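With numbering that gives the first Met the number 0 as the guide, the letters of the sequence shown map in order to residues 0 to 588. A short worksheet on the structure shown next.
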Amino acid sequence: MIRTKRHIAYLVHSIKQHVVHISCNLRTQHSKVRKKKNKKKMEDCNQKYSCRTAKETLEWINAILNFIKPYAFLTNAHVTNFFTHKLWQSIDPVWLHCLRNEPVQNLLLIPCGIIQEHWPASLKEFVLDLKSLAFPREQAHLNKLFPGVNVVSLNTVLAQGMNFKKKHEVEVLSAVVSSVANSVGAQTIVDVGAGQGYLAQVLSFQYQHSVVAIDACSHHGTVTEKRAERIKKHYAAQMRKHYPGIGIPNVPKTITCHVMSIDMLKALTSMSPHIDNVKRPELIGQVADDKTSLVLAGLHACGDLSVTMLKTFLECKDVKAVVSIGCCYNLLSEGCLDIAGSQCGFPVSCGVKSAGISLGKSSRDLACQSAERWRSLEQDAGLHNFELHAFRAAFQMVLCKYYPEIIKSSPSIGRQGKALRRQQQRRILQSSINCDESKHSSMPETISHMQELYLNPHMSESKTDDYSGSALHSHELSCNGGARYNETAAASKYLLFEKFTQSGLSRLGLKSLQETHFHEIWKEAEPFAGLIGPYWSLRAALGPLLETLLLLDRLLFLQEQGSSLEAIMLPIFDPALSPRNVAIIAKRI
Numbered sequence: 000m001i002r003t004k005r006h007i008a009y010l011v012h013s014i015k016q017h018v019v020h021i022s023c024n025l026r027t028q029h030s031k032v033r034k035k036k037n038k039k040k041m042e043d044c045n046q047k048y049s050c051r052t053a054k055e056t057l058e059w060i061n062a063i064l065n066f067i068k069p070y071a072f073l074t075n076a077h078v079t080n081f082f083t084h085k086l087w088q089s090i091d092p093v094w095l096h097c098l099r100n101e102p103v104q105n106l107l108l109i110p111c112g113i114i115q116e117h118w119p120a121s122l123k124e125f126v127l128d129l130k131s132l133a134f135p136r137e138q139a140h141l142n143k144l145f146p147g148v149n150v151v152s153l154n155t156v157l158a159q160g161m162n163f164k165k166k167h168e169v170e171v172l173s174a175v176v177s178s179v180a181n182s183v184g185a186q187t188i189v190d191v192g193a194g195q196g197y198l199a200q201v202l203s204f205q206y207q208h209s210v211v212a213i214d215a216c217s218h219h220g221t222v223t224e225k226r227a228e229r230i231k232k233h234y235a236a237q238m239r240k241h242y243p244g245i246g247i248p249n250v251p252k253t254i255t256c257h258v259m260s261i262d263m264l265k266a267l268t269s270m271s272p273h274i275d276n277v278k279r280p281e282l283i284g285q286v287a288d289d290k291t292s293l294v295l296a297g298l299h300a301c302g303d304l305s306v307t308m309l310k311t312f313l314e315c316k317d318v319k320a321v322v323s324i325g326c327c328y329n330l331l332s333e334g335c336l337d338i339a340g341s342q343c344g345f346p347v348s349c350g351v352k353s354a355g356i357s358l359g360k361s362s363r364d365l366a367c368q369s370a371e372r373w374r375s376l377e378q379d380a381g382l383h384n385f386e387l388h389a390f391r392a393a394f395q396m397v398l399c400k401y402y403p404e405i406i407k408s409s410p411s412i413g414r415q416g417k418a419l420r421r422q423q424q425r426r427i428l429q430s431s432i433n434c435d436e437s438k439h440s441s442m443p444e445t446i447s448h449m450q451e452l453y454l455n456p457h458m459s460e461s462k463t464d465d466y467s468g469s470a471l472h473s474h475e476l477s478c479n480g481g482a483r484y485n486e487t488a489a490a491s492k493y494l495l496f497e498k499f500t501q502s503g504l505s506r507l508g509l510k511s512l513q514e515t516h517f518h519e520i521w522k523e524a525e526p527f528a529g530l531i532g533p534y535w536s537l538r539a540a541l542g543p544l545l546e547t548l549l550l551l552d553r554l555l556f557l558q559e560q561g562s563s564l565e566a567i568m569l570p571i572f573d574p575a576l577s578p579r580n581v582a583i584i585a586k587r588i
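This is how it looks when you write it as structure tokens:
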């Protein structure tokens with residue numbers, strides 16, 4: 000009887016375990032199905048528009064223009080004026096009520112088009128529509144588009160001086176440019192906006208192309224030449240050792256010239272294969288007699304320079320292909336819609352010009368925002384970002400109230416806070432260690448050092464390596480217990496704002512204020528400081544869409560030329576490493 004009872008109990012237990020196992024499996028399968036559906040839904044959103052033809056590209060552009068019109072209050076605004084213009088009042092109060100209590104990490108995901116299920120339907124629709132209209136940024140499978148392309152990891156000699164981001168960009172772009180150059184039979188590649196010549200040298204030494212590097216900075220030209228000579232010595236020694244009798248790769252030629260117009264770039268590209276390194280190309284305007292074939296390549300050619308490359312490709316028949324990756328949209332010239340032959344950087348296509356669209360400086364600044372960069376931030380770094388925006392917006396209140404005359408000149412206090420933020424992101428992993436150490440130190444010492452950080456954002460690494468800005472601030476406060484948290488945190492933020500303001504006034508050459516004035520401003524701003532995170536995130540979500548508009552305008556400009564060329568727009572870099580990862584590639588056919 001005892002055995003029977005035990006046996007029955009064992010069977011019941013086994014059945015329960017089996018049921019639990021089945022239930023877990025069902026939940027897992029249901030979760031997988033749900034994820035697949037969500038993924039498919041997101042893919043469908045991204046596949047809603049196409050840019051394979053001029054007609055499709057123009058339809059996409061018009062959809063973007065129609066979407067952003069009602070949100071001009073966001074695209075034309077600047078977070079600097081958050082408090083002075085009460086910018087939060089322009090946002091749907093239901094959205095703000097929802098987002099003001101949202102975790103920072105969820106706010107940082109908004110620019111990437113990631114929503115939360117508990118959000119209002121209208122907010123979710125806004126974010127998903129943005130994502131469906133923005134050009135997808137996932138790195139393309141290059142082998143499918145460029146048969147035979149081989150992205151090779153750079154050796155230590157060629158990679159010398161490059162950070163991880165630059166190394167990734169040069170490895171990928173050099174392989175793509177080499178493939179394009181081979182496909183059109185180009186004799187020479189012209190690296191426009193070459194900087195220190197990283198791309199030019201890899202194309203020359205690793206891929207054996209004839210390369211000319213053009214840059215406006217004479218210092219860059221000197222660095223390029225010296226670096227190329229060092230690399231040449233290494234390759235010469237390797238050739239003599241392993242391949243005697245084989246010639247040594249040519250060192251890239253360098254031209255130092257500020258490219259001011261299409262005609263200038265056309266002249267440079269025409270003469271570039273026939274000249275030696277020059278500091279000032281007095282030969283500009285002399286077109287070589289011998290016809291040659293060229294490829295223009297630009298890795299993050301700033302502002303109008305990327306557009307100038309595309310126009311030169313169209314006007315200079317010797318240029319058989321162009322590979323352009325733009326950046327610095329804030330530096331684009333804009334307007335000139337009614338002027339024939341206008342050299343403005345936006346708009347360039349007839350389709351966008353006919354729409355009469357003008358973005359403005361704030362919108363072009365916004366187009367530079369990187370959704371992937373913000374997505375990768377940790378919570379503490381995100382909080383620090385929002386704090387800096389709050390301090391800068393409150394500082395604007397100080398200027399408006401006590402220095403109204405300075406506002407007329409659109410003052411800039413430099414990049415204070417941004418350099419500090421980059422340093423702090425590198426030190427964010429040390430916050431846990433600092434938490435343990437802070438238990439043995441007093442709170443006033445912590446606040447004192449935080450004041451020093453904000454007052455002097457250019458402190459040497461050696462003086463700041465053990466701290467991580469607001470990350471450390473919030474982490475240490477939580478480690479020290481909750482009894483004094485709110486009071487100490489509020490006092491600390493005020494002190495940081497005061498130091499931030501004093502530093503800003505100093506940069507502008509303005510006389511400082513009495514402490515009571517700082518208290519007055521911060522007391523007025525602080526109740527709304529928590530709304531900056533939601534506002535900034537919603538505004539930043541429009542950034543990828545505005546960048547898509549700028550890029551599609553360039554693509555349409557090429558497509559409008561007819562069937563004599565083919566043009567594509569392609570994300571060739573990992574967006575987490577290189578946010579400006581979209582290449583416009585065009586070839587004559």
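Beta carbons are placed, not taken as given, at the ideal position from N, Cα and C, and that holds for glycine. Bear in mind that the values here come from a model prediction, so they are computed numbers and not experimental data.
I'd like the span of the alpha helix (DSSP H) that includes residue i, first residue to last.
i	result
A180	F163 to V183
L73	A71 to T74
K252	Segment K252 to T255 is the beta strand (DSSP E) holding K252; no alpha helix (DSSP H) there.
G325	Here G325 belongs to no alpha helix (DSSP H); instead the beta strand (DSSP E) covers V318 to C326.
A193	Where A193 is concerned, there is no enclosing alpha helix (DSSP H), given that its DSSP letter is neither H nor E.
S536	I531 to A539
D379	Q378 to Y401
W373	A370 to R374
I67	A53 to I67
C343	That residue, C343, is in no alpha helix (DSSP H); it is neither H nor E in DSSP.
L153	It is not in any alpha helix (DSSP H) - L153 carries neither H nor E in the DSSP assignment.
A354	Neither: A354 is in no alpha helix (DSSP H) and is coded neither H nor E.
V78	Here V78 belongs to no alpha helix (DSSP H), and DSSP marks it neither H nor E.
Using beta-carbon positions only, say whether residue i and residue j come within less than 8 Å of one another.
i	j	result
V258	I213	yes
S292	K319	yes
I567	V322	no
L509	Y402	yes
A380	I531	no
F82	Q395	yes
W59	L551	yes
F496	F390	yes
I571	L507	no
E224	T253	yes
A524	I324	no
T500	F517	yes
A71	L86	no
Taking residue i as the reference, which of the options has the closest Cα?
i	options	result
L541	L95, G529, A174 and K130	K130
K310	R51, E386 and L555	L555
L557	Y48, T56, S49 and K47	T56
G147	V175, S121 and K123	V175
D636	L544, D573 and G160	Outside the shown range of the chain, which is 0 to 588, sits residue 636, and nothing can be said about it.
Q138	E101, G344 and D573	D573
A180	A193, M161 and S209	S209
R587	R553, A185, S375 and P119	A185
V171	V201, T187, A193 and S182	V201
Y48	I405, L132 and G350	L132
T515	N249, S505, Y493 and L141	Y493
E101	T500, L382 and E228	L382
G344	W535, G350, V306 and K360	V306
What is the C-beta distance between residue i and residue j, in whole angstroms, given that I count them as a contact (C-beta under 8 Å)?
i	j	result
Y206	S177	4 Å
P251	V211	7 Å
E559	S348	6 Å
V169	M161	7 Å
T547	F134	4 Å
L537	L73	7 Å
P69	V93	16 Å between Cβ atoms; not a contact.
V397	I520	5 Å
Need the endpoints of the beta strand (DSSP E) that residue i sits in, please.
i	result
L295	L293 to C301
L569	L564 to P570
V258	Counting along the chain, V258 falls outside any beta strand (DSSP E), and DSSP gives it neither H nor E.
K85	From DSSP, K85 is part of no beta strand (DSSP E); its letter is neither H nor E.
R587	V581 to R587
D214	S209 to D214
Check your understanding: Is there contact here, the stretch 108-117 with the stretch 364-371, by at least three beta-carbon pairs under 8 Å?
Key -> yes
Point to revise | Three CB pairs or more closer than 8 Å across the stretch 296-304 and the stretch 150-159 | key: no
Point to revise | Touching by the beta-carbon criterion (3+ pairs, under 8 Å), the stretch 165-172 and the stretch 213-227 | key: no
Point to revise | Given 8 Å, three or more beta-carbon pairs between the stretch 327-336 and the stretch 300-315 | key: yes
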